[in-house]
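Asker: According to my numbering, the sequence shown is numbered sequentially starting from 162. All residues carry an ideal CB built from backbone N, CA and C; glycine is no exception. Structure in structure tokens, see below.
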Amino acid sequence: MSKVTDLIKQCGMQVPGVKLLSELSYWHKCYKAEGNRLNNDFYAKLMLSIADEENDLFLQDKVVADFGCGPRGSLVWAESAQLRIGIDVLTNRYLHSFPGELSRHGMLYVTCSESHIPIPNEFCDVVYSVNSLDHVQNLLPICNELRRILKPGGILIGSFNLNHEPQLAEPQKISENTLRKMLFRDYDIQHWWLSAPGAAANRYQPLYTRELINPGKSEAYLWARVIKPLQ
162 MSKVTDLIKQ CGMQVPGVKL LSELSYWHKC YKAEGNRLNN DFYAKLMLSI ADEENDLFLQ
222 DKVVADFGCG PRGSLVWAES AQLRIGIDVL TNRYLHSFPG ELSRHGMLYV TCSESHIPIP
282 NEFCDVVYSV NSLDHVQNLL PICNELRRIL KPGGILIGSF NLNHEPQLAE PQKISENTLR
342 KMLFRDYDIQ HWWLSAPGAA ANRYQPLYTR ELINPGKSEA YLWARVIKPL Q
């Protein structure tokens, strides 16, 4: 067992502020490394591929949200949407640290906790979660919140890190079974693509090409698209 895993088990789970500070520090490093800006050019390719769509027309006149959006502007590409909502625990900190970035995104940013998202029931037509669920302290409450804000007949689209050992900013080790029980129970699966990582330079490559690699019980990435039943 790694020292990081030991630390998380001994104190990280009890001190969520440590995790949040670690995440904020990561974004400050990205901002500096990228020339005092935050690049978001890659999101269109990534999020359309996860959804198995060629363009953003599937979001036309819809309300789309991204949980764990970060400060880059993850939905800038979704210009057909009626409303684009970024949901993050650290939104207030992002506004303080990167105000010039967030104001350019054409998104409504919402600050949530890990147990409540301040959005009405059944408000969103489409909800994204991209590499975010392993960042939360308590998985079930936020899964319930994502289900709550999604309309019946709405689409939940996600990329999930599976079987990854906990890190300071990523305390959850998530399995397929966990997601099926907590997030996707009773939902209709449109696609469920599971793969071992590609080369270090492009770990998502097997998913982009749909040439999936059986991960066995090792670390894997899951791209899924599901529909919330009408009843």
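Provide the residue(s) that pair with G247 in DSSP beta bridges, ordered along the chain.
Answerer: For this step, residue 247 is matched to residue 86 along the sequence shown. G247 pairs with D227 and Y270.
Asker: If I measure Cβ to Cβ from Q171 and keep anything under 8 Å in the same chain, skipping five residues before and after, which residues do I get?
Answerer: Working through the sequence shown from its first residue, we reach residue 171 at position 10. Confidence at Q171 is low in this model, with a pLDDT of 45, below 50, so the placement of that residue should be treated as unreliable; the coordinate-derived value is given next. Contacts found: none.
Asker: Under 8 Å between the Cβ atoms of L250 and L236?
Answerer: Start at 1 with the first residue of the sequence shown, and residue 250 comes out as number 89. Start at 1 with the first residue of the sequence shown, and residue 236 comes out as number 75. Reading off the sequence shown, one finds Val at residue 250, where the question assumed Leu. In this structure, L236 does not lie closer than 8 Å to V250 by Cβ.
Asker: Taking Cβ positions, are Y192 and F259 nearer each other than 8 Å?
Answerer: Sequence index remark: in the sequence shown, residue 192 carries index 31 (1-based). Sequence index remark: in the sequence shown, residue 259 carries index 98 (1-based). Yes, the pair counts as a contact, with Cβ atoms nearer than the cut-off.
Asker: Taking the alpha carbon of S290 as the point to measure from, which residue in L220, I280 and M208 has its own alpha carbon closest?
Answerer: Sequence index remark: in the sequence shown, residue 290 carries index 129 (1-based). Nearest option by C-alpha distance: M208.
Asker: Whose C-beta lies closer than 7 Å to the C-beta of Y137 among residues of the same chain, with five residues either side of it excluded?
Answerer: No answer is possible for residue 137: the residues shown for the chain start at 162 and end at 392.
Asker: Decide if the stretch 301 to 321 is in contact with the stretch 379 to 391; the criterion is three or more beta carbon pairs, one per stretch, under 8 Å apart.
Answerer: yes
Asker: Counting Cβ pairs closer than 8 Å, one from the stretch 260 to 271 and one from the stretch 346 to 358, do we hit at least three?
Answerer: no
Asker: Under a three-way DSSP split, which group does K389 fall into?
Answerer: Locating residue 389 in the sequence shown gives position 228, where the first residue counts as 1. Here K389 sits in coil by DSSP.
Asker: Ends of the beta strand (DSSP E) at I303?
Answerer: In the sequence shown, residue 303 corresponds to position 142, counting from 1. From DSSP, I303 is part of no beta strand (DSSP E) but of the alpha helix (DSSP H) over L300 to I310.
Asker: Which residue's Cα is closest to the Cα of R233: V179, A357, R198 and I278?
Answerer: Counting from one through the sequence shown, the residue named residue 233 turns up at place 72. For R233, the nearest C-alpha among the options comes from R198.
Asker: How far does the beta strand (DSSP E) with L199 in it reach, from first residue to last?
Answerer: Within the sequence shown, residue 199 is the residue found at index 38, counting from 1. L199 -> no beta strand (DSSP E), and no H or E assigned at all.
Asker: Quick test of your reading: K223 and V287, contact by CB under 8 Å. State the CB separation rounded to the nearest angstrom.
Answerer: Here residue 223 refers to the residue found at position 62 when the sequence shown is read from its first residue. Here residue 287 refers to the residue found at position 126 when the sequence shown is read from its first residue. Rounded, the Cβ-Cβ distance is 6 Å, consistent with contact.
Asker: Mark L218 as exposed unless 16 or more other C-beta atoms lie within 10 angstroms of its C-beta, in which case mark it buried.
Answerer: What you label residue 218 is simply residue 57 of the sequence shown in a count that begins at 1. With fewer than 16 other CB atoms across the displayed protein chains lying within 10 angstroms of its CB, L218 is exposed.
Asker: Only counting the same chain, and skipping five residues up and downstream in sequence, which positions put a Cβ closer than 8 Å to that of K378?
Answerer: Taking the sequence shown and counting its residues from 1, the one referred to as residue 378 is at position 217. For K378, where only same-chain residues beyond five positions count, the Cβ hits under 8 Å are N324.
Asker: DSSP three-state label for V288, please.
Answerer: Locating residue 288 in the sequence shown gives position 127, counting from the first residue. Residue state, collapsed to three classes: strand.
Asker: Can you tell me whether L220 is buried or exposed? The criterion is at least 16 other CB atoms within 10 Å of its CB, across all chains shown.
Answerer: Along the sequence shown, one-based indexing puts residue 220 at 59. So L220 ends up on the buried side.
Asker: Taking three-plus beta-carbon pairs below 8 Å as touching, is the stretch 296 to 308 in contact with the stretch 356 to 369?
Answerer: no
Asker: Opposite I318 in the DSSP bridges: which residues?
Answerer: Translated into positions along the sequence shown, residue 318 becomes position 157. For I318, the beta-bridge partners assigned by DSSP are Y289 and R386.
Asker: So what's P313 in DSSP terms, helix, strand or just coil?
Answerer: Locating residue 313 in the sequence shown gives position 152, where the first residue counts as 1. P313 falls in the strand class under three-state DSSP.
Asker: Closest to N216 by CA distance: which of A239, R245 and Q243 is it?
Answerer: On the sequence shown, position 55 is the one that residue 216 refers to. Comparing Cα positions, the closest option is A239.
Asker: Please report the distance separating the alpha-carbon of E283 from that of T252.
Answerer: The residue given as residue 283 occupies position 122 in the sequence shown. The residue given as residue 252 occupies position 91 in the sequence shown. Their backbone Cα atoms lie some 22 Å apart in a straight line.
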